[in-house]
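First comes the structure, then the notes that go with it.
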Amino acid sequence: MVPKNKIVLQVFHPVLHKSRVNRVLLEAVEGLEGVSIRYLYDLYPDYQIDVTAEQEVLLQHDIIVWQHPLYWYSSPSLLKEWLDLVLEHGFAYGKSGRALEGKSVLSAISSGGSRDTYGSEKGLKFSIRDLLAPFEQTVCLCRMNYLPPFVTHGTHMLRADQIAHAAEDYVRIIEGLRDGSFSEDDIMKQKYINDIKS
Amino acid sequence: MHEQDFFQNALVYLLAAVISVPIAKRLGFGSVLGYLLAGIIIGPFIMGYIGHEGEDVMHFAEFGVVMMLFLIGLELKPNLLWGMRRSIFGLGGLQLLLTALVIGAVAVALGQSIGAGIAIGLTLGLSSTAIVLQTLAEKGLMKQASGRASFSVLLLQDIAVVPILALIPLLAGSSQGHNSSTEVQYIAGIEITGWVQVALMLTVITGIVVVGLYLVKYFFRIIARTGLREIFTAAALLLVISTAALMELVGLSPALGAFLSGVVMANNEYRHELEADIEPFKGLLLGLFFISVGASINFGLLGSSPGTILSLLAALIGIKFVVLFILGRVFGIRGGQNTMFAFSLAQGGEFAFVLVAFSADNGVLGPDTSAILFLVVALSMAVTPLLLLLNDKIIMPLVFKSENTREEDTIEEEETPLIIAGFGRFGVVLGRFLIANGMSATILDNNPENIDVLRKFGFKVYYGDASRADLLASAGADKAKVLIVTVDDPQKSLKIVDQARRNYPHLKILVRAVNMKHSYELLDRKVDAFERDMLESSLLLGIEALTHLGYKRYQAHRLAHTFRKHARKVLFELHQHHQDDEKLYLSETKRHTMELEEIFRAEKEDSGHHLDSSWDVSSRREEASELNLSAREESS
Chain V
1 MVPKNKIVLQ VFHPVLHKSR VNRVLLEAVE GLEGVSIRYL YDLYPDYQID
51 VTAEQEVLLQ HDIIVWQHPL YWYSSPSLLK EWLDLVLEHG FAYGKSGRAL
101 EGKSVLSAIS SGGSRDTYGS EKGLKFSIRD LLAPFEQTVC LCRMNYLPPF
151 VTHGTHMLRA DQIAHAAEDY VRIIEGLRDG SFSEDDIMKQ KYINDIKS
Chain G
199 MHEQDFFQNA LVYLLAAVIS VPIAKRLGFG SVLGYLLAGI IIGPFIMGYI
249 GHEGEDVMHF AEFGVVMMLF LIGLELKPNL LWGMRRSIFG LGGLQLLLTA
299 LVIGAVAVAL GQSIGAGIAI GLTLGLSSTA IVLQTLAEKG LMKQASGRAS
349 FSVLLLQDIA VVPILALIPL LAGSSQGHNS STEVQYIAGI EITGWVQVAL
399 MLTVITGIVV VGLYLVKYFF RIIARTGLRE IFTAAALLLV ISTAALMELV
449 GLSPALGAFL SGVVMANNEY RHELEADIEP FKGLLLGLFF ISVGASINFG
499 LLGSSPGTIL SLLAALIGIK FVVLFILGRV FGIRGGQNTM FAFSLAQGGE
549 FAFVLVAFSA DNGVLGPDTS AILFLVVALS MAVTPLLLLL NDKIIMPLVF
599 KSENTREEDT IEEEETPLII AGFGRFGVVL GRFLIANGMS ATILDNNPEN
649 IDVLRKFGFK VYYGDASRAD LLASAGADKA KVLIVTVDDP QKSLKIVDQA
699 RRNYPHLKIL VRAVNMKHSY ELLDRKVDAF ERDMLESSLL LGIEALTHLG
749 YKRYQAHRLA HTFRKHARKV LFELHQHHQD DEKLYLSETK RHTMELEEIF
799 RAEKEDSGHH LDSSWDVSSR REEASELNLS AREESS
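The following block contains the structure:
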């Protein structure tokens, strides 16, 4: 079966060798049909992003995943550099910039804090969705569809079995998106895409 | 000398030098042997272009030695010299005494008188400053253990010439009756004796030190202000010549005086200018000196009694070598450095010509003995470059190979994941980086001198030619993961790559590429990675240049990146192209210029994607102003 959607995982993780969660998630989705994984810190260790090559990758996929840990309530800096350079005026946005129209973007992030600390009275002022607003806005300006994020919370405290569980969820979501097995309404009403039932 | 003679002589000397030195260099013999051969060829026994005036030329050319010592002095700050006192007086003194003793004893055993024995011993104990220092400098050994030790010994010999010259007239007594008149010296026609002369010597030396330390810089400041280069050169020559003349006048060695004035001027602000000015004169005069030594070899005498002469030659070199080798050991010179040290000083020196003549004049030596000594010394000088070549090519590798086989066992025990072939300037940086990050590496290098130094600093470096299959095997290539080839000779580099590929297909091979052609060959061989040497450092300096020319540093950095990427692309394209029409290229040099042309052309045609266009807001500004305009039109 030819997959309905081609997915690319753009991984932005500067210290993957020290990662507990992201590495397991990646191992789980490694080799899935129709899913390619790219490690941006390895591709551009000197931050010299090959804009042409990156734009080509975007054109060849339907769903783009930005997978990264949450650093200071945002992404590692290479993703910001990537956004700045790759999403060019006239390519991704602007009057004639329609190359990415209709594609979907998913943020797959990991966070040390628990789900209920974000956006609560006692904990952190903003929710994960609040914090991801710049990414969401960027995606919207490029006429793409920003999916509810895939979030792994409390990474410092997770036991191996809990991480394995998160990885199973990740595989389920990625496969579902690839095969188009979730309804669009169902997806968009979720706070986190993790919560969607198969 | 008539004018016509002068031109003809100059023509012969220069022609001989210009033809033979490049050939000798090309064959790996060094310039000294080239000059000597040139001298032999134009000398009285082969082509006969120069005859007995060769000896006059030799005396004139000895001044090259004076200049050389002046230049060496300039390099040697006084505190450095002071630090060498042990090796100068200890090693140097013992060398002269022991050698003189053994050679003297042999001479007496061969039927010379005691006095003649002492004269011969001391005379032959001296080595050739000109040959040794020129050769060592050419090989870049002056800063190494063998170079410093050789220099110490030569310096002491230069000092010793003074007392030897004083001693020789006294020796006449023991062979031919007392002759006291030689003790009296004349300076400027005035009779001088004993203590007065010593006082004069001290005055002159003090004068040189004071003038060199405090006054010379003012002198040169005035000269420099004239802005006339040739006057500065003249002043530099004047300085050296006047020092030498003064020293000679009071009966000291001119070379020693020049050396002394060099040392006291080592901190002088005009030092580099002086060096640059004297250097060519020194080189030419030394060349002339070597030619005249070559020309002075008496092949007639050699032909009439080859057995005697050659066995004397062998005895001279043998005795000197053994004494030097033992002393080198005692003074802590190790392995190959010590054989280098002993071989380099195992000949007779230019002072021997002076001393032999002086001894003959004083009746210490008979004319036959003098002629034989003269010939043996000249031959020993001619043989020295050959001995050093022998040491380099045969003995050093043997010494290190025996050390290496012993250590190969430990290599195998350690099983390092990394082998670095070639540990010169490129390999050292790479190796330091990897070792600093906890990697253990087996390092192979075939330059014995590198190994000596690097081992001293605790690197595990082994002697060997990495293109040999057995050496790669003993370095543990079957267990290693990565082989880095950093040798700078493309042929050798490719040989190593091929060997490794053939025998150890699992090995990742990373290579330093030296030039375009080498890069193509590496692409053909599909090595795992290669990097052009020089590329990075040139680009980094290029970034600096752009920054100083007004670019923002980050902008310059990005431009360098674009260039780097582009250079890589061009390389791949040209590689394709070259596979297509390899046969079009006639010669290497032609190929090189053509390549350069191609690179520049390809670079002009395509400057690559503009990396920073996202940061350039002009397209957005245009669009914004268009919108503004249409909005205004609508509202009006």
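Protein sequence lines correspond, in order, to chains V and G. For the first sequence, the residue numbers in the numbering used here are 1 to 198. For the second sequence, the residue numbers in the numbering used here are 199 to 834. Built from N, CA and C at the ideal position, the CB exists for glycine as well. What you are looking at is a predicted structure, and each value in this text was computed from that prediction instead of being measured.
| Item | Value |
| --- | --- |
| Does DSSP put G:Tyr247 in a helix, a strand or coil? | coil |
| In terms of residue numbering, what span does the beta strand (DSSP E) encompassing V:Val65 cover? | 63-69 |
| What are the complete alpha helix (DSSP H) segments, minimum 4 residues, inside the segment 677-764 of chain G? | 688-701, 714-722, 733-746 |
| Going by beta carbon distance, what residues of the same chain come within less than 6 Å of V:Ile63, once the five residues before and after it are set aside? | Asn5, Ile7, Ser104, Leu177 |
| How is the beta strand (DSSP E) around V:Phe150 delimited, first residue to last? | 150-152 |
| Rounded to whole angstroms, what is the Cα-Cα separation between V:Phe150 and V:Gly94? | 29 Å |
| Only counting the same chain, and skipping five residues up and downstream in sequence, which positions put a Cβ closer than 7 Å to that of G:Val255? | Leu486, Ser490 |
| Which two residues bound the contiguous beta strand (DSSP E) that contains G:Tyr661? | 659-661 |
| Compile a chain-ordered list of the residues in the segment 735-759 of chain G whose CB is closer than 7 Å to at least one CB of chain V. | His759 |
| My assumption, with CB atoms under 8 Å, is that G:Val462 sits in contact with G:Val407. Please give the rounded CB distance. | 5 Å |
| Who are the neighbours of V:Glu88 on chain G, taking C-beta pairs under 9 Å? | Ser811, Ser812, Ser817 |
| What residues from chain V crowd round G:Glu821, counting only those whose CB sits closer than 7 Å? | Gly94, Lys95 |
| Thinking just about the alpha-carbon of each residue, which of G:Ala727, G:Gly313, G:Leu411 is nearest to the one in G:Gly561? | G:Gly313 |
| Using the Cβ count rule (16 or more neighbours within 10 Å means buried), how would you classify G:Asn536? | buried |
| Going by alpha carbons, who is nearest to G:Ala667 out of G:Ala698, G:Pro504, G:Asp643? | G:Ala698 |
| Which residue comes first and which comes last in the beta strand (DSSP E) that contains G:Val448? | No beta strand (DSSP E) holds G:Val448; DSSP gives it neither H nor E. |
| Since V:His89 sits in a beta bridge, which residues does DSSP pair it with? | V:Tyr93 |
| Go ahead and pull the three-state DSSP assignment for G:Leu209. | helix |
| I'd like to check one pair, G:Ala328 with G:Leu553: are the Cβ atoms closer than 9 Å? | no |
| Of all Cβ atoms in chain G, is any one closer than 9 Å to the Cβ of V:Gln48? | yes |
| Rank G:Tyr211, G:Leu353, G:Ala215 by C-alpha distance to the C-alpha of G:Trp280 and give the top, closest one. | G:Leu353 |
| Do the CB positions of G:Met445 and G:Leu436 come within less than 9 Å of each other? | no |
| Within a Cβ cutoff of 6 Å, which residues of the same chain sit near G:Leu571, ignoring the five residues on either side of it in sequence? | Val554 |
| Return the chain-ordered list of same chain residues with a C-beta closer than 6 Å to the C-beta of G:Ala678, the five sequence neighbours on each side being excluded. | Pro615, Ile617 |
| Let me make sure I understand the geometry here. Which of G:Ala347, G:Gly241, G:Leu274 has the alpha-carbon closest to that of G:Leu922? | Residue numbering for chain G in the displayed model covers 199 to 834; residue 922 of chain G lies beyond these limits and cannot be assessed. |
| Where do the N-terminal and C-terminal ends of the alpha helix (DSSP H) with G:Thr506 fall, by residue? | 504-528 |
| Identify the contact partners of V:Asp84 in chain G, using a Cβ-Cβ distance below 9 Å as the criterion. | Ser812, Trp813 |
| Quickly, what does DSSP pair V:Arg38 with across the bridge? List them, please. | V:Gln10 |
| If you measure between the beta carbons of G:Asn277 and G:Ile248, is that distance less than 9 Å? | no |
| Just verifying my parser: in three-state terms, what is the DSSP assignment at V:Tyr170? | helix |
| Give the straight-line distance between the Cα atoms of G:Leu514 and G:Leu272, rounded to the nearest whole angstrom. | 33 Å |
| Span of the alpha helix (DSSP H) holding G:Leu484? | 469-494 |
| Let me confirm a value: G:Ile694 is counted as buried when at least 16 other C-beta atoms fall within 10 Å, else exposed. Which label applies? | buried |
| For a test of the three-state rule: what should DSSP assign to V:Asn194, helix, strand or coil? | helix |
| Got a sec? Which residues, its chain only, sit under 6 Å from G:Leu398 by beta carbon, not counting five neighbours each side? | Val448 |
| Just to confirm before moving on: does the CB-CB distance between V:Leu106 and V:Trp66 stay below 9 Å? | yes |
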